[in-house]
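Only one structure is covered here, and it is reproduced in the block below.
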Amino acid sequence: MITRRTLLAATLTSVPVYGLLNHLSAFGASVSPWVTRQQDLAMALAQGEITAAAWQTQVEKLARHIDQDRLVGLLRDARRRDIGRALPSYPFKTAIHFRDETGAPAKLRFASALFDFEPDDVITPHAHRHMVSAHMIVQGTFRVRNYDRVGEDGDAILLRPSGDAILGTGTVSTMSSERDNVHWFVPEGGPATTFDVIVSGLDPDQPSFVIEPVDPLGGTRLANGIIRAPILGFKESARKYTAKV
Numbered sequence: 047m048i049t050r051r052t053l054l055a056a057t058l059t060s061v062p063v064y065g066l067l068n069h070l071s072a073f074g075a076s077v078s079p080w081v082t083r084q085q086d087l088a089m090a091l092a093q094g095e096i097t098a099a100a101w102q103t104q105v106e107k108l109a110r111h112i113d114q115d116r117l118v119g120l121l122r123d124a125r126r127r128d129i130g131r132a133l134p135s136y137p138f139k140t141a142i143h144f145r146d147e148t149g150a151p152a153k154l155r156f157a158s159a160l161f162d163f164e165p166d167d168v169i170t171p172h173a174h175r176h177m178v179s180a181h182m183i184v185q186g187t188f189r190v191r192n193y194d195r196v197g198e199d200g201d202a203i204l205l206r207p208s209g210d211a212i213l214g215t216g217t218v219s220t221m222s223s224e225r226d227n228v229h230w231f232v233p234e235g236g237p238a239t240t241f242d243v244i245v246s247g248l249d250p251d252q253p254s255f256v257i258e259p260v261d262p263l264g265g266t267r268l269a270n271g272i273i274r275a276p277i278l279g280f281k282e283s284a285r286k287y288t289a290k291v
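Everything in the sequence shown is counted per the numbering used here, starting at 47 for the first residue and increasing by one.
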């Protein structure tokens with residue numbers, strides 16, 4: 047028997063998610079409890095009630111328990127705004143604004159976005175400050191490489207490799223200052239999409255967020271296994287870290 051889940055899985059492998067959302071019929075019940083839980087976690091993190099690592103653990107758990115049909119229904123009902131590509135080799139970004147009970151954009155402590163990757167698009171390795179994020183794969187497969195940020199050294203960041211895995215639809219990768227602060231996403235063999243949740247502005251009197259492209263492959267490996275990875279410019283990072291790397 048063909049179920050809605052089977053149909054959804056087949057459809058997700060053939061068209062970009064942001065296009066799919068315009069054609070899906072309603073799947074029924076709202077997933078507002080998911081939004082409420084994300085809001086609770088974001089507020090607890092911003093108010094210092096939980097650590098960044100605890101936020102990661104709870105968001106990963108939440109991702110494992112959400113029904114994919116209902117998630118797509120929630121995304122379909124949200125307001126979407128095309129942002130585009132920051133650079134030609136970056137994925138196409140669509141901002142997601144969930145609605146409240148009146149249909150207006152909800153006032154949330156977290157932001158959401160879809161990132162639609164063509165086969166040659168890459169999120170190059172980069173470090174973060176003042177923010178956390180979670181990235182659920184909703185279409186395709188990615189090679190995801192992670193590094194813990196363990197310090198700084200002049201114009202370089204000190205990294206410890208923490209993960210290198212092939213992740214498919216329904217899995218989630220998170221990052222914070224405490225764990226997997228550097229990540230690097232490369233689609234495997236075809237179009238792929240992530241649904242991202244971001245909480246920024248976590249450090250008082252600091253910018254809302256800072257993104258720092260780094261060069262782990264061109265870095266110096268120290269005796270303790272730490273990599274001294276130079277900080278790159280965004281265009282330099284895009285030139286070096288292509289989908290073939």
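All C-beta atoms in this analysis are idealised placements derived from N, C-alpha and C, irrespective of residue type, glycine included.
query, result
"Residues near Glu-258 by beta carbon distance below 8 Å, same chain, minus five either side", "His-172, Ala-173, His-174, Arg-175, Ile-203 and Ile-277"
"Residue environment, Gly-94, which counts as buried when at least 16 other CB atoms sit within 10 Å", "exposed"
"Secondary structure of Phe-161, DSSP reduced to three states", "strand"
"DSSP three-state assignment for Asp-194, whether helix, strand or coil", "strand"
"When Gly-279, Pro-233 and Phe-161 are compared against Ala-180, the one with the closest alpha-carbon", "Phe-161"
"Short Cβ contact (7 Å threshold) for Ile-272 with Pro-262", "no"
"Where the beta strand (DSSP E) through Gly-214 begins and ends", "202-214"
"When Ala-141, Asp-199 and Asp-128 are compared against Ala-159, the one with the closest alpha-carbon", "Ala-141"
"Per-residue burial, Asn-270 [other beta carbons within 10 Å of its own, 16 or more giving buried]", "exposed"
"Local conformation of Lys-281 per DSSP, three classes", "helix"
"With 16 other Cβ atoms within 10 Å as the buried cut-off, status of Pro-233", "buried"
"Closest Cα partner of Gly-214 within the set Gln-185, Pro-250 and Tyr-136", "Gln-185"
"Contacts around Trp-80, its chain only, beta-carbon distance under 6 Å, and the 5 residues preceding and following it disregarded", "Ile-112"
"Which residues DSSP lists as bridging Pro-15, in chain order", "Given that the chain is displayed from residue 47 to residue 291, the structure contains no residue 15 and the question cannot be resolved."
"Spatial distance of Arg-195 from Thr-148 (CA atoms)", "42 Å"
"Segments of 4+ residues assigned as alpha helix (DSSP H) that fall wholly inside the stretch 84-165", "98-111 and 114-123"
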